[in-house]
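To convert, count from 1 in the sequence shown and add 278; that's my numbering.
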Amino acid sequence: MAVPDYQSLMLPLLKVANDGNEHNIRDTIEILAQQLMLSEQDRKELLPSGKQRRFDNRVHWARTYLVKALLLANTGKSKIRITERGQEVIKSNPTHINVKYLRRFPEFIAFVGSKSNGDAETTQEIIEEVSQTPQEILEASYQNLKKNLAMELLERVKNSPPKFFENLVVDLLIAMGYGGSRKDAGQAIGQVGDGGIDGIIKEDKLGLDAIYLQAKRWEGTVARPVVQGFAGALIGRKARKGVFITTSDFSRQAIDYANGIDNLKIILIDGEQLAQLMIEHNVGVAEESRYILKKIDLDYFSEE
């Protein structure tokens with residue numbers, strides 16, 4: 279089954295804690311996963327940031343909302359216990375517990391109302407309608423903004439002069455830690471032009487190995503013969519590593535070919551990856567705003 283939304287996890291979580299014992303949240307997550315018969319693939323599904331499992335995140339948010347409604351209580355480092363109110367709720371045999379249900383508790387209304395400078399009722403209605411946790415909504419919004427930025431960035435790269443693209447490749451590779459000095463990398467790019475090779479850069483600042491480059495603004499999909507020609511040029515120079523950068527994309531056959539060559543490593547970077555790398559390494563972009571998501575430092579509050 280798919281990973282349940284965080285509101286659907288509220289009642290199962292409260293039921294697990296209904297024995298009155300103190301529960302470690304990590305153990306509780308595993309118990310819930312087994313009860314819901316989640317597959318290993320479901321358990322490994324990550325948030326867009328790739329830093330936390332989606333199911334774990336949703337259980338944590340379900341716990342947060344139940345705690346704010348005083349149905350659960352935090353009793354220690356990553357530990358919870360059901361409250362008398364929580365036990366009374368279970369005795370009433372509810373068919374479900376969600377944000378709308380929790381609105382009957384004044385402590386929860388105060389919690390939700392304090393999260394917005396606008397209309398608390400409007401905020402509450404929005405929360406009730408969504409299945410994603412606040413963190414998921416934030417991450418999805420970030421990924422959407424990043425995707426739109428990448429599209430705009432790539433369009434500008436495609437419309438830039440050839441020399442600008444060469445300089446862009448140099449700047450990006452240096453930002454990623456390749457190429458040695460800016461002067462060395464700048465001289466290496468665009469100076470070879472031999473059999474499908476556009477440049478040679480140092481793999482590290484000491485120049486222990488060389489990476490051969492093909493960097494082209496391209497219209498249409500890059501097919502296998504083009505990548506094959508690049509591979510042939512590398513083999514002719516007895517090279518072991520190559521990077522093919524394009525503003526377009528690669529055909530499935532070209533990708534399979536590059537991945538299947540023995541004793542030769544070719545990395546294919548298409549336009550979308552190029553834009554994402556530029557964003558990641560701050561090439562051609564400037565920081566506009568920064569939002570830091572913080573969490574409780576449990577070690578700080580540890581009794582040990």
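We put the beta carbon where it would ideally sit given N, CA and C, even for glycine. Please read all numbers here as calculations on a predicted model, not as lab measurements.
Check	Outcome
Give me the Cα-Cα distance between G455 and D575, rounded to the nearest whole angstrom.	33 Å
Please list, in chain order, all residues of the same chain as N481 whose beta carbon is under 8 Å from its beta carbon, the five residues on each side excluded.	Reading off the sequence shown, one finds Glu at residue 481, where the question assumed Asn. So the list reads Y456, D487, A488, I489, K519, once near-sequence residues are dropped.
Under 8 Å, do A493 and E444 count as touching if we go by C-beta distance?	yes
If we ignore side chains and look at the alpha-carbon of each, how far apart do E266 and L325 end up?	One cannot answer for residue 266 here, as it falls past the ends of the chain, which runs 279 to 582.
Does the beta-carbon distance from K357 to I303 come in below 8 Å?	yes
For S317, which residues in the same chain have their Cβ closer than 6 Å to its Cβ, ignoring the five residues on either side in sequence?	none
So the alpha helix (DSSP H) I513 belongs to, where does it begin and stop?	502 to 514
Considering only residues of the segment 326 to 376, which uninterrupted alpha helix (DSSP H) runs meet the minimum length of 4 residues and lie entirely inside it, listed in chain order?	332 to 346, 362 to 369
Under 7 Å Cβ to Cβ from F386, same chain only, skipping five residues before and after it: list those, please.	K346, A347, L380
Do you know how far the Cα of N296 is from the Cα of Q313?	15 Å
Taking Y343 as the reference, give the member of N371, T306, L287, A311 with the closest Cα.	L287
Spatial neighbours of G498 within its chain, please: CB distance less than 8 Å, with the 5 preceding and 5 following residues excluded, ordered by chain position.	S526
Which residue or residues does DSSP assign as beta-bridge partners of H301?	I358
Just tell me which of W496, P503, H301, F528 has its CA closest to the CA of K355.	H301
If you check the beta carbons only, do Y420 and W339 fall under 8 Å apart?	no
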